[in-house]
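Visitor: Please find one structure pasted underneath; my questions will follow.
Residue numbers (this note's numbering): 232 to 783.
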């Protein structure tokens with residue numbers, strides 16, 4: 232049977248230790264893959280380069296939050312109500328399908344139902360009872376009547392719930408960015424796209440907080456003339472950041488800036504620029520939290536255009552939602568030129584009535600009320616607690632007017648979020664850099680991975696098993712490893728076969744120790760992509776590989 236590019240890449244990936252189907256000895260489970268020895272190194276190198284860009288270049292701070300998230304957090308964020316897929320079950324063949332996967336992409340779900348076009352792709356039966364299914368994995372914290380929770384569908388909420396602490400950490404200066412690399416979980420209805428649609432996956436997310444009155448980026452002028460590959464759902468464009476803003480294709484500098492950062496990152500790690508673009512979300516496909524979103528899409532011969540990064544303007548949605556739900560003051564402060572006195576309304580809880588009425592919930596309700604701004608035209612006050620709306624009787628509080636001297640104006644920061652799907656990027660790198668040729672009548676496979684992310688930087692080979700050459704080769708191997716260079720020592724088979732093994736796994740260079748080495752202390756370095764060779768002194772090797780292969 233003829234294999235397409237996906238089958239070829241995955242066959243190589245499995246054989247050479249990049250990626251395996253998980254739990255295969257038990258029949259496997261759709262939506263789960265394991266990274267092998269080389270895949271783990273490649274994945275870490277991708278993440279380390281991403282971290283270098285956002286922590287060192289963009290001056291973001293990094294945190295690490297739990298993967299288990301309480302129900303209240305994801306209720307407030309909207310995921311409990313909104314994080315769903317329209318799903319249908321086939322009563323005949325007992326399979327479930329996501330509606331958007333089984334209808335023509337050019338028609339709406341409403342039209343498909345009306346025209347009776349929703350059919351089971353397996354048995355052809357008519358499908359009915361379309362219903363939303365939440366994609367989060369649920370769990371319980373504690374035993375017995377424990378606290379309801381979910382495995383997080385994104386890393387972002389851990390950043391938003393810690394915003395007030397992080398804001399103090401950066402000495403209350405806006406803008407600032409926070410990143411997190413970690414696992415996300417989505418209980419996909421029918422993951423039939425291999426590593427493209429996983430139930431457990433790796434994310435690298437940045438949340439950059441801006442004053443809503445100023446979404447200009449301080450480094451925008453440095454990149455304003457750089458060009459982006461853009462698709463606005465009508466036509467393809469190669470356009471400068473400045474022009475995209477002037478034509479209102481992109482709404483603000485911050486979005487445009489992080490689109491450029493994303494493009495540079497993806498092209499640097501090996502995505503083909505001819506198979507890359509940013510596509511703008513249409514209004515009807517925006518996530519519940521987004522006001523504008525661009526997907527960095529990468530083309531796959533098997534899957535078509537794949538979303539690998541989403542860059543969204545989340546406005547003040549998340550922080551505002553957590554302020555309202557938790558009662559925690561997470562406003563930022565915009566300093567005024569001079570202090571001024573203003574009249575404000577405050578809610579003063581009456582614990583003598585609030586306490587007996589709400590018992591163990593009274594303390595949490597008190598905190599919410601104290602941070603709530605009462606509405607001007609109504610005395611009715613409600614709070615959200617444990618996923619329920621609770622009306623607070625008027626005898627449990629009073630509303631007072633008071634004058635306060637202020638030196639700044641409180642505001643809720645807006646958020647620009649670049650969210651990277653590491654697993655999809657990982658696969659697309661393999662596909663875009665997989666080359667199949669012939670050598671001496673045999674198929675010859677090469678992975679042209681960038682030296683920056685290649686899992687092994689160089690093979691180290693003694694030309695023969697001569698004891699002197701083996702000893703020197705072992706010394707070279709250890710010297711490079713001590714300098715942080717990942718190597719692969721190999722003295723088995725012909726030198727051509729050893730080169731072929733390294734080419735197939737993406738190793739950018741090979742070092743050969745030959746008899747001239749014993750005379751002048753030089754070795755041969757072979758370049759994978761050009762096959763050119765050059766001699767270098769052994770003492771120069773660490774510097775050469777640090778320059779070409781390390782993320783510093």
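Even glycine gets a Cβ: it sits at the ideal position worked out from N, Cα and C.
Taking Cβ positions, are residue 506 and residue 529 nearer each other than 8 Å?
Guide: Yes, they are a contact pair.
Visitor: To the nearest angstrom, how far is it from the Cα of residue 323 to the Cα of residue 352?
Guide: Each residue's alpha carbon lies about 12 Å from the other.
Visitor: For residue 362, I'd like the list of residues in its chain whose CB is within less than 7 Å of its CB, leaving aside the five on either flank, ordered along the chain.
Guide: Closer than 7 Å at Cβ, skipping near neighbours: 318.
Visitor: Mind listing, in chain order, the continuous alpha helix (DSSP H) runs of no fewer than 4 residues lying wholly within the stretch 574-660?
Guide: With a minimum length of 4 residues, the continuous alpha helix (DSSP H) runs that stay inside the stretch 574-660 are 582-589, 593-601.
Visitor: Since residue 295 contacts residue 411 with CB under 8 Å, what's their CB separation in whole angstroms?
Guide: About 7 Å; that satisfies the 8 Å criterion.
Visitor: Compare the C-alpha of residue 771 against each of 761, 679, 755, 759 and name the closest.
Guide: That would be 755, whose Cα lies nearest to the Cα of residue 771.
Visitor: Whole beta strand (DSSP E) runs in the stretch 286-355 with 3 or more residues, listed along the chain?
Guide: Here the runs fully enclosed are 299-301, 315-320, 327-329.
Visitor: Taking only runs that begin and end inside the stretch 693-774, name each unbroken beta strand (DSSP E) of 3 or more residues, in chain order.
Guide: Fully enclosed beta strand (DSSP E) runs of 3 or longer: 718-720, 740-744, 753-758, 764-768.
Visitor: Using 10 angstroms around the beta-carbon of residue 614, count the other beta-carbons present and answer buried if the total reaches 16, otherwise exposed.
Guide: It is buried - the Cβ of residue 614 has at least 16 other Cβ atoms within 10 Å.
Visitor: Would you call the stretch 644-658 and the stretch 625-632 touching, i.e. three or more CB-CB distances under 8 Å?
Guide: No: the two stretches stay apart, fewer than three of their Cβ pairs being nearer than 8 Å.
Visitor: Quick one: grab the DSSP three-state call for residue 365.
Guide: Here residue 365 sits in strand by DSSP.
Visitor: Return the first residue and the last residue of the alpha helix (DSSP H) that residue 282 is part of.
Guide: 268-282 is the extent of the alpha helix (DSSP H) around residue 282.
Visitor: With a CB to CB cut of under 6 Å and the five nearest residues on each side skipped, what residues in its chain are close to residue 432?
Guide: Excluding residues within five positions, the ones whose Cβ falls inside 6 Å are 415, 654.
Visitor: Would you say the stretch 569-578 touches the stretch 633-642, given that touching needs at least three Cβ pairs under 8 Å?
Guide: Contact between the stretch 569-578 and the stretch 633-642 is present, because at least three Cβ pairs lie under 8 Å.
Visitor: Our contact map puts residue 722 next to residue 692 with C-beta atoms below 8 Å; I'd like the distance itself, whole angstroms only.
Guide: Contact flag correct, Cβ pair sits at about 7 Å.
Visitor: Rounded to whole angstroms, how far is the Cβ of residue 502 from the Cβ of residue 660, which I believe are closer than 8 Å?
Guide: Correct: roughly 7 Å between the Cβ atoms.
Visitor: Short of 8 Å in beta carbon distance, which residues of its chain neighbour residue 682, apart from the five on each side in sequence? Order them along the chain.
Guide: Answer for residue 682: 688, 739, 740, 779, 780, listed in chain order.
Visitor: Do the CB positions of residue 485 and residue 459 come within less than 8 Å of each other?
Guide: Against a cut-off of 8 Å, the Cβ pair of residue 459 and residue 485 comes out as no contact.
Visitor: Closer than 7 Å by C-beta to residue 607: which residues in its own chain qualify, once you throw out the five before and the five after it? Chain order, please.
Guide: Because residue 607 carries a pLDDT of 47, less than 50, the predicted location of this residue cannot be relied on, and no value is offered for it.
Visitor: Grab me the residues of residue 405's own chain with a C-beta within less than 7 Å of its C-beta, minus the 5 sequence neighbours each way, in chain order.
Guide: Excluding positions up to five away in sequence, the list reads 440, 441, 442, 563, 644.
Visitor: Please classify residue 420: does DSSP put it in a helix, a strand, or coil?
Guide: Of the three classes helix, strand and coil, the one that applies to residue 420 here is coil, per DSSP.
Visitor: Between which two residues does the beta strand (DSSP E) carrying residue 257 extend?
Guide: First-last for residue 257: undefined, no H or E at that position.
Visitor: Do you know whose CA, among 709, 559, 715, lies nearest residue 392's CA?
Guide: If we check each option's Cα against that of residue 392, 559 comes out closest.
Visitor: Going residue by residue through the stretch 384-408, where are the continuous alpha helix (DSSP H) segments of at least 4 residues, counting only ones entirely within it?
Guide: Qualifying alpha helix (DSSP H) stretches, in chain order: 387-392, 394-400.
Visitor: Provide the residue span of the alpha helix (DSSP H) that contains residue 381, from first to last.
Guide: Per DSSP, residue 381 belongs to no alpha helix (DSSP H); it is in the beta strand (DSSP E), 378-382.
Visitor: On the three-state DSSP scale, how would you describe residue 800?
Guide: Lying outside 232 to 783, the shown extent of the chain, residue 800 is not represented and no answer is given.
Visitor: Buried or exposed for residue 436, going by 16 or more other Cβ atoms inside 10 Å?
Guide: Result: buried.
Visitor: What is the rounded straight-line gap between the Cα of residue 677 and the Cα of residue 744?
Guide: Cα-Cα distance, rounded: 23 Å.
Visitor: Where residue 240 and residue 452 are concerned, what is the direct C-alpha to C-alpha distance, given to the nearest angstrom?
Guide: Residue 240 and residue 452: Cα-Cα distance of roughly 41 Å.
Visitor: Look up residue 517 in the DSSP assignment and say whether it is helix, strand or coil.
Guide: DSSP places residue 517 in coil when its eight states are reduced to three.
Visitor: Out of curiosity, what's the CA-to-CA distance linking residue 619 and residue 488?
Guide: If I take the Cα positions, the gap works out to 40 Å.
Visitor: State yes or no: is the C-beta of residue 237 within less than 8 Å of the C-beta of residue 245?
Guide: No.
Visitor: Mind checking who residue 432 pairs with in its DSSP beta bridge?
Guide: Note: residue 432 sits in a beta bridge opposite 415.
Visitor: Residue range of the alpha helix (DSSP H) that residue 503 falls in?
Guide: No alpha helix (DSSP H) contains residue 503, which DSSP labels as neither H nor E.
Visitor: So, for residue 291: in the same chain, excluding its five sequence neighbours on each side, which residues have a beta-carbon less than 7 Å away from its beta-carbon?
Guide: 285, 408, 409, 410, 437, listed in sequence order.
Visitor: Beta carbon of residue 717, beta carbon of residue 272: below 8 Å?
Guide: Against a cut-off of 8 Å, the Cβ pair of residue 272 and residue 717 comes out as a contact.
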